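Participant: Quick one: this structure, given as C-alpha cells, is what I'll be asking you about.
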C-alpha cells in the first residue's frame with residue numbers, strides 16, 4: 732500500500748489525480764469530525780470539501796507528511812470554527828445542576844443515538860471540545876494546543892459539556908417516558 | 054458498568070454515512086489549475102510579443118533613423134546678457150544715508166590693569182584738523198552775514214527823528230532778514 736507521504740510527493744510533482752486516493756482515505760473521517768463539530772450534515776459536507784481544496788493548495792506546507800490526518804483535521808477544524816463564529820452564540824446556562832451522582836447512570840441508560848443527538852445540540856464551543864476529546868481521543872493538553880487555550884479552560888469546558896449532556900439526556904429520557 | 058466518558062466515545066465512534074466528495078473536489082481542483090494556466094498565458098504571451106518586437110526593431114533601427122528621422126539641428130548658441138555695471142546712487146541719497154546712519158559704538162575691551170591705571174593720559178591740546186575746518190566755516194558764515202547786512206530804517210513818530218540802526222550780523226542771520234526794532238529798546 733502506498734503511504735500518504737508517497738502520494739503527497741507525487742501530487743506535488745504534478746500528478747493531481749493521486750489526490751483522489753488521499754481523499755478516499757480521509758474523507759469519511761474528515762466529514763464525521765466536521766459533522767460532530769458543526770452538527771449539521773450540509774454544513775459538514777461544505778466544510779469537508781473546502782478543507783480538501785484548501786489542503787490541496789497548501790500541500791507543500793505539510794511538514795510531516797506521514798501525519799496527514801492531524802494536519803487535515805486542523806484545516807477542517809479551522810473551517811468549522813469560522814462557520815461557528817458566523818452563527819449567533821447560544822446562551823449558556825449560568826449554573827448547571829449537580830448531576831455527578833446520576834451522570835453515569837444517565838449515560839448508561841441513554842441510547843447511543845440519543846447521546847449523539849444531544850451532542851449535536853450542544854453549543855459550538857462545547858461540540859468542538861467533545862469531538863476532539865471523545866471522537867479524536869486527544870488529551871486535554873493536545874486539545875489546548877489545537878484550540879490555543881489553557882489546559883484548565885479545556886478541562887472545564889469538557890466537564891461542563893458532560894453536565895449539559897447529562898441534563899439533556901435526562902430531559903430526553905423524561906420525554907420518552 | 055461503563056462510565057459517561059466511555060458511553061460518549063462509544064456514541065461518537067458509531068459510523069456515519071459520509072457522502073463521496075471526491076468527484077466534487079477533483080472537479081474543482083483542475084479548475085484552479087486551469088485558472089493558473091490562464092494567468093500564465095496572460096503574463097507570458099505579451100512578454101514574448103514585446104521581446105520579438107524589440108528584437109526586430111533593434112535590427113532596423115539605423116535605416117529607420119536614416120530615412121525618417123531628421124538630422125539633428127544644433128541649437129543656436131545662447132547669448133548671455135552682458136552684465137551692466139550698477140549705476141552710482143545719487144549723491145542726495147548717499148548724503149541722507151550717511152546722515153541717518155547711527156553712530157557705531159565700538160566696545161573696546163579694556164584690560165583691568167589698563168582701566169585701573171592711576172596715570173591719566175595727557176590731553177592733546179593741539180587743535181585737530183576738523184576743528185580748524187569748523188573755525189574756517191564759522192568765519193565764512195560770519196563774512197557772508199556781514200555782506201547781507203543792510204541798513205534798517207525805522208519809522209519813528211512824527212515828532213522824533215528817524216535813525217538808521219545797524220544790527221549785529223548774527224541776529225540778521227537768525228531772523229533771516231531785517232527787523233524793525235523800536236528805538237526805545239535800543240536806548241536811542
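Protein chains in written order, with the working numbering: chain A, 732 to 908; chain B, 54 to 241.
From the three backbone atoms N, C-alpha and C, an ideal C-beta is built for every residue, glycine too.
As the structure is a prediction and not an experimental result, all values here were calculated from the model.
Quick check on this structure: which residue in A:742, A:844, A:816 has the alpha carbon closest to the alpha carbon of residue 64 of chain B?
Facilitator: Stepping through the second chain from its first residue, residue 64 of chain B is reached at position 11. Closest option to residue 64 of chain B, Cα to Cα, is A:844.
Participant: Mind checking which residues open and close the alpha helix (DSSP H) that includes residue 57 of chain B?
Facilitator: For the purposes of this step, residue 57 of chain B is taken as residue 4 along the second chain, with counting starting at 1. From DSSP, the alpha helix (DSSP H) with residue 57 of chain B extends over 57-65.
Participant: Can you tell me the Cα-Cα spacing of residue 780 of chain A and residue 77 of chain B, whole angstroms?
Facilitator: Counting from one through the first chain, the residue named residue 780 of chain A turns up at place 49. Counting from one through the second chain, the residue named residue 77 of chain B turns up at place 24. Their backbone Cα atoms lie some 8 Å apart in a straight line.
Participant: Find the residues of chain B that neighbour residue 730 of chain A, judging by a C-beta separation of less than 8 Å, and give them in chain order.
Facilitator: Since the first and last residues shown for chain A are 732 and 908, residue 730 of chain A lies out of range.
Participant: Of the residues A:818, A:873, A:739, A:858, which one's Cα is nearest the Cα of residue 766 of chain A?
Facilitator: Position 35 of the first chain, counted from the start, is the residue given in the question as residue 766 of chain A. For the residues A:818, A:873, A:739, A:858, the minimum Cα distance to residue 766 of chain A belongs to A:858.
Participant: Three or more beta-carbon pairs under 8 Å between the region 773-787 of chain A and the region 801-817 of chain A, yes or no?
Facilitator: Because the criterion of three Cβ pairs below 8 Å is met, the region 773-787 of chain A and the region 801-817 of chain A touch.
Participant: What are the uninterrupted segments assigned as alpha helix (DSSP H) that are 4 or more residues long and contained completely in the region 860-904 of chain A, given in chain order?
Facilitator: Listed in chain order, the complete alpha helix (DSSP H) runs (minimum 4 residues) inside the region 860-904 of chain A are 871-878.
Participant: Determine, using beta carbons only, whether residue 71 of chain B comes closer than 7 Å to chain A.
Facilitator: Taking the second chain and counting its residues from 1, the one referred to as residue 71 of chain B is at position 18. Residue 71 of chain B counts as touching chain A.
Participant: Suppose you measure from the CA of residue 804 of chain A to the CA of residue 876 of chain A; what does that come to, to the nearest Å?
Facilitator: Locating residue 804 of chain A in the first chain gives position 73, where the first residue counts as 1. Locating residue 876 of chain A in the first chain gives position 145, where the first residue counts as 1. The straight-line gap from Cα to Cα measures roughly 13 Å.
Participant: Hey, does residue 886 of chain A have any beta-carbon neighbour from chain B nearer than 7 Å?
Facilitator: In the first chain, counting from the first residue as 1, residue 886 of chain A sits at position 155. It does not: the Cβ of residue 886 of chain A has no partner Cβ on chain B nearer than 7 Å.
Participant: When DSSP labels each residue in this structure, what does residue 855 of chain A get in the three-state scheme?
Facilitator: Reading the first chain from its first residue, position 124 is the one you call residue 855 of chain A. Three-state result, residue 855 of chain A: helix.
Participant: From what residue to what residue does the alpha helix (DSSP H) around residue 809 of chain A run?
Facilitator: Position 78 of the first chain, counted from the first residue, corresponds to residue 809 of chain A. Where residue 809 of chain A is concerned, the enclosing alpha helix (DSSP H) stretches over 799-817.
Participant: Determine the contact status of residue 860 of chain A and residue 884 of chain A, defining contact as a CB-CB distance below 7 Å.
Facilitator: In the first chain, residue 860 of chain A corresponds to position 129, counting from 1. In the first chain, residue 884 of chain A corresponds to position 153, counting from 1. Going by C-beta atoms, residue 860 of chain A is not nearer than 7 Å to residue 884 of chain A.
Participant: Assign residue 895 of chain A to one of two classes, buried (16 or more other C-beta atoms within 10 Å of its C-beta) or exposed (fewer than that).
Facilitator: As a position in the first chain, residue 895 of chain A is number 164, starting the count at 1. It is buried - the Cβ of residue 895 of chain A has at least 16 other Cβ atoms within 10 Å.
Participant: Between residue 830 of chain A and the rest of its own chain, which residues show a CB-CB distance below 8 Å, the 5 nearest in sequence each way excluded?
Facilitator: Translated into the one-based positions of the first chain, residue 830 of chain A becomes position 99. Annotation note: pLDDT 49 at residue 830 of chain A (below 50); position unreliable, coordinate value reported separately. Correct list, in chain order: 837, 894, 897, 898, 901.
Participant: Please say whether residue 796 of chain A and residue 736 of chain A have beta carbons closer to each other than 7 Å?
Facilitator: For this step, residue 736 of chain A is matched to residue 5 along the first chain. For this step, residue 796 of chain A is matched to residue 65 along the first chain. Result yes, Cβ atoms of residue 736 of chain A and residue 796 of chain A sit closer than 7 Å.
Participant: Is the beta carbon of residue 863 of chain A sitting closer than 7 Å to the one on residue 874 of chain A?
Facilitator: Within the first chain, residue 863 of chain A is the residue found at index 132, counting from 1. Within the first chain, residue 874 of chain A is the residue found at index 143, counting from 1. Yes. Within cutoff.
Participant: Among A:773, A:763, A:800, A:848, whose alpha-carbon lies nearest the alpha-carbon of residue 734 of chain A?
Facilitator: As a first step, residue 734 of chain A is located in the first chain; it is residue number 3 there, counting from the start. Of the candidates A:773, A:763, A:800, A:848, the one whose C-alpha sits nearest the C-alpha of residue 734 of chain A is A:800.
Participant: Could you work out which residue in A:842, A:816, A:872 is closest to residue 854 of chain A when comparing CA atoms only?
Facilitator: Along the first chain, read from residue 1 onward, the residue named residue 854 of chain A stands at position 123. With distances taken between Cα atoms, residue 854 of chain A lies closest to A:816.
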